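Just below is one structure, and these are the notes that go with it.
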Amino acid sequence: MLILGIETSCDETAAALVDDSAVLSNIISSQIDLHASFGGVVPEVASRKHVEAIGYVIKEALDSAHKMLSDIDGIAVSARYGLIGSLIVGVSAAKSLAYALKVPLVGTHHIEGHIFAPILSHPEMPLPHVCLTVSGGHTMLVYVKGLCQYEVMGNTLDDAAGEAFDKIAKFLNIGFPGGPAIDRLSLRGKRTAFDLPRPMVKSRSLDFSFSGLKTCVVNMFRGKEQDTIPLPDVAASFQEAIVDVLVSKAIQAAERKGATAISVTGGVSSNRRLREAFQETCGKLGLEVFFPLPELRTDNAAMVAAAGAARLERGEASGLDLNAVPTAPLESTR
Ligand code: KG4
Ligand code: ZN
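The numbering used here applies: residue 1205 is where the sequence shown begins, and numbers increase by one.
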């Protein structure tokens, strides 16, 4: 089944063609440079850029897969969770194409897309498993009981991990998006240079809270000239605190469910130290750990197509009354 996936929930305009588990094309037009000067994504600017890019991006996804619109068997779109103006652009494009081509349409949840990224990358991944999905908009621990069957075990109570990376990078004036900037700087720093808190690591709750950690770093260096701050050490220590919490909570979740495998997905799964720490800890405990292929870690439409294909196979097509919804629980993915 050839599925066109469309993703516009934040600042990437993306389209992909996926045929069963084969990614035939995966086109991403990023707006990062546009938003960098604002130090964060400006929603109104993002939606306007999606409008400009969506047609070209879909055409490029078709061309690079050597397919035509008439080859498409179904259309999947991120319809839930994200910036409302951005989501509407993808949903409108998907609805128009589904109507014109007379093919099934399915609206998926953005986080469900991230959950499918490691599954698409490693079709041999066992089910059930525990998925840590961690990006700029969310940090969530999900027990993936089967395809499209989820139990949310933990969620962020305030800042998402990627958001904390972005805010600290903005405070330190080291670039946007903050995650990659901190990841790079930390290579030259000492992880133990600053003794930073590991919020909620001792609690039995599997929820996350990163705003206190962020405030702690801000309080340490507020008012200091940038060239007096040991940036690599701050980056490495801050990153290590986040990594410690993420790894420890994901392991707790797997142990509670008796799961033998963990997947780590979303933009923050690109973090070098996070992957290293998961591999070390899971290796010691005999757990398998899976990450998406690099191009499927941040927002993309191949993951949306994979999630949509699974939904369509379950007979869960959406109607043409499909709407964009900015916040929706993962459970309500229809
Ligand atoms: O999944 P994604 O592309 O979009 C959302 O759904 O939010 O994730 C973007 C987030 C940003 O906060 C960015 O700073 C973070 O992923 N990120 C990273 C790295 N690469 C991207 N965080 C830490 N280390 C990285 N290497
Ligand atoms: Zn995302």
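Backbone N, C-alpha and C define an ideal beta-carbon position, used for all residues, glycine too.
Computed from a prediction, not measured in an experiment: that's the story for all the values here.
Per DSSP, what are the beta-bridge partners of Leu1221 in this structure?
Leu1208 and Ser1229
Measure the CB-CB distance between Leu1410 and Leu1361 and report whether it falls below 8 Å.
no
Taking just the CA atoms, how far does Pro1403 sit from Cys1352?
Rounded to the nearest whole angstrom, the C-alpha separation of Cys1352 and Pro1403 is 30 Å.
Using the C-alpha atoms, what's the distance from Ala1528 back to Ile1231?
22 Å
State the start and end residues of the unbroken alpha helix (DSSP H) segment that holds Arg1515.
Per DSSP, Arg1515 is one residue of the alpha helix (DSSP H) stretching across Ala1506 to Glu1517.
Separation of Cys1335 from Met1329, as counted between CA atoms:
11 Å
Assigned secondary structure, Gly1281 (DSSP; H/G/I helix, E/B strand, else coil):
For clarity, residue 1281 is Val in the given sequence; the question names Gly instead. In the structure shown, Val1281 sits in a strand (DSSP, three-state: E or B).
Presumed contact (8 Å Cβ cut-off) between Leu1291 and Ala1283, rounded CB distance:
Leu1291 to Ala1283, Cβ: 6 Å. Contact.
Contact under 8 Å by Cβ, Ile1386 with Phe1442:
yes
If distances are taken between C-alpha atoms only, which option among Lys1406, Lys1374 and Ala1298 comes closest to Ala1240?
Lys1374
Let me check understanding here. Comparing Cα to Cα, which of Gly1244, Gly1311, Phe1414 and Gly1512 lies closest to Met1205?
Gly1512
Please go through the same chain and pick out, in chain order, the residues whose beta-carbon is closer than 7 Å to the beta-carbon of Thr1337, but skip the five residues on each side of it.
Ile1315, His1318, Ile1319, Met1344, Val1346, Thr1469 and Gly1470
Assess contact between the segment 1247-1265 and the segment 1287-1306, defined as three or more Cβ pairs (one per stretch) separated by less than 8 Å. Is contact present?
yes
Cβ pair Ala1509, Val1307 closer than 8 Å
no
Pairs of beta-carbons, one from the segment 1489-1500 and one from the segment 1514-1521, closer than 8 Å: are there three or more?
no
Just checking Ser1541 against the ligand ZN - is the residue's beta carbon closer than 7 Å to any of the ligand's heavy atoms?
This structure leaves residue 1541 out entirely; the chain is present only between 1205 and 1538.
Can you tell me whether Glu1459 is buried or exposed? The criterion is at least 16 other CB atoms within 10 Å of its CB, across all chains shown.
exposed
What residue range does the alpha helix (DSSP H) around Met1344 cover?
Not the alpha helix (DSSP H): Met1344 falls in the beta strand (DSSP E), residues Thr1343 to Gly1350.
Inter-residue Cα distance where the pair is Leu1534 and Thr1432
44 Å
Run through the DSSP bridge pairs and tell me what Leu1450 is partnered with.
Leu1450 is bridged by DSSP to nothing; it lacks a bridge partner.
Residues of its chain near Lys1418, where Cβ-Cβ distance is below 7 Å and the 5 sequence neighbours each way are ignored
Asp1363, Ala1368, Lys1371 and Ile1372
Counting only runs that start and end within the segment 1238-1305, where is the alpha helix (DSSP H) found for 4 or more residues in a row?
1247-1268 and 1288-1305
State the Cα-Cα distance for the pair Phe1425 and Arg1477, rounded to the nearest angstrom.
24 Å
Does DSSP put Phe1375 in a helix, a strand or coil?
helix
So for Ser1415, helix, strand or coil by DSSP?
helix
If you follow the alpha helix (DSSP H) that Ile1386 is part of, which residue opens it and which one closes it?
Gly1382 to Ser1390
Is Asp1503 close to the ligand ZN? I mean its beta-carbon at under 7 Å from any heavy atom of the ligand.
yes
Option nearest Cys1420 by Cα separation, candidates Pro1381, Ser1325, His1270 and Pro1401:
Pro1401
Using C-beta distances below 8 Å, list every residue in its chain close to Arg1479, excluding the 5 sequence neighbours before and after it, in chain order.
Val1468, Ser1473 and Phe1495
Got a sec? Which residues, its chain only, sit under 7 Å from Ala1521 by beta carbon, not counting five neighbours each side?
Pro1308, Leu1309 and Val1310
Is there at least one non-hydrogen atom of the ligand KG4 closer than 7 Å to the beta-carbon of Cys1214?
yes
When DSSP builds the beta bridges, which residues end up paired with Glu1355?
Tyr1347
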